[in-house]
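So for the sequence shown, my numbering puts the first residue at 177; every next one is plus one. C-beta atoms are modelled at their ideal positions from N, C-alpha and C, and glycine is treated no differently. Report on one structure; see the data block that follows.
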Amino acid sequence: SESGLEGKLADAVANAGRGARAAAAYLEAAEKTPSDRAPQLRLRAAQQYLRSGRTRAGWALARIVLAATGVHVPTNQSVTTAVLLWERAKLRTRGPSFASSAHDARSLSRLNTLRALAPELATHHLVTSALLQARYLNEALRADHPEHTLQALAWEVYNASVMGGTSNERWSAEVLDTVCLLGSRMDTPYAQALTLFAQSAHQLFTGRKFADASRPALAAKDLFAQHYPGAYWERSVMDFFQLVCLEFTG
């Protein structure tokens, strides 16, 4: 169909690194595509705006995409911080254990949107990004969806390790144990890569064990590159880990 071809054209423009043009192409395709596919195209447009530095346009579109899935982000920074603390308090209270419960198409769409936008906002709206990540992890832990649960837990190891401090380091280690357990159960290249990513983050930021952090980072990067060429953010983070390790180990 014409809308399908326009979506593929937008993918090609995005893969060429033309973020703003790709975002416009995704939005144009969204106008001509069936309503059930349009939200995914708008989500990709928001990602491309944010990646290319069009922060205002990207965040405005991201808010619309989030609201369509039932996620409403406060406009006031103080309120956002308060909601973030509440979400993180719920995490610490329940722990990193996960439960099986039914999920519908809307909840799965919400998980996909939270997963996509939380890292994209990290360099532009740090507190909002942390809020979306905490919300993503809380919802993933309640849902019967192993891949979302594993990804949310792996990023939690990263975030807790970066924040530092005795409490966060203990929490990071506890979450990492769950990541390793779930990753071994899933036994897919993506699960292996996420587990290696979490191990590298924990070694790098809680123990400053640069040689120990470098090996899983390189292995994770290879897995992402071989099996998941669209995992741009994950591969970029692995590159960052490698550079930090090289700086201190030579």
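| query | result |
| --- | --- |
| Under 8 Å, with one C-beta from each stretch per pair, do the stretch 330-337 and the stretch 364-378 reach the 3-pair mark? | yes |
| Using only the alpha-carbon positions, how far apart do Glu207 and Ala214 sit? | 7 Å |
| Would you mind working out which of Ala407, Ala369, Ala316, Arg346 sits nearest Gly383, comparing C-alpha positions? | Arg346 |
| Report the rounded CA-to-CA distance for Thr342 versus Ala186, giving the unit in angstroms. | 46 Å |
| Check the C-beta distance from Leu267 over to Asn314 and give it rounded, since I have them as a contact under 8 Å. | 6 Å |
| Threshold first: 4 residues or longer. Then list the alpha helix (DSSP H) segments lying entirely within the stretch 325-391, N to C. | 342-362, 365-382 |
| Which residue spans inside the stretch 250-327 form an unbroken alpha helix (DSSP H) run of at least 4? | 253-270, 281-296, 302-318 |
| Once DSSP output is grouped into helix, strand and coil, what is the label at Ser412? | helix |
| Classify Pro210 as buried or exposed, calling it buried when 16 or more other Cβ atoms lie within 10 Å of its own Cβ. | exposed |
| Can you give the Cα-Cα distance for Leu261 and Tyr334, rounded to whole angstroms? | 18 Å |
| Considering only C-alpha positions, which residue in the set Leu226, Asp353, Ala336 is nearest to Leu293? | Leu226 |
| Applying the criterion that 16 or more other CB atoms from any shown protein chain within 10 Å of the CB defines a buried residue, is Thr289 buried or exposed? | buried |
| Pick helix, strand or coil for Thr425, following the three-state DSSP scheme. | helix |
| Mind checking whether Arg286 and Thr325 have CB atoms under 8 Å apart? | no |
| Are the CB atoms of Tyr312 and Arg282 within a distance shorter than 8 Å? | no |
| Given Arg218, which residues of its chain have a CB within under 6 Å of its CB, disregarding the five upstream and five downstream residues? | Ala206, Val241 |
| Count the other CB atoms, across all protein chains shown, that sit within 10 Å of the CB of Leu203; report buried if there are 16 or more and exposed otherwise. | buried |
| Report the CB separation of Ala393 from Phe424 in whole angstroms; it is logged as a contact under 8 Å. | 13 Å between Cβ atoms; not a contact. |
| Whose CA, out of Thr231, His378, Pro272, Glu263, lies closest to the CA of Thr299? | Thr231 |
| In three-state terms, what does DSSP make of Pro210? | coil |
| Starting from Thr231, follow the alpha helix (DSSP H) in both directions and report where the run begins and ends. | 231-244 |
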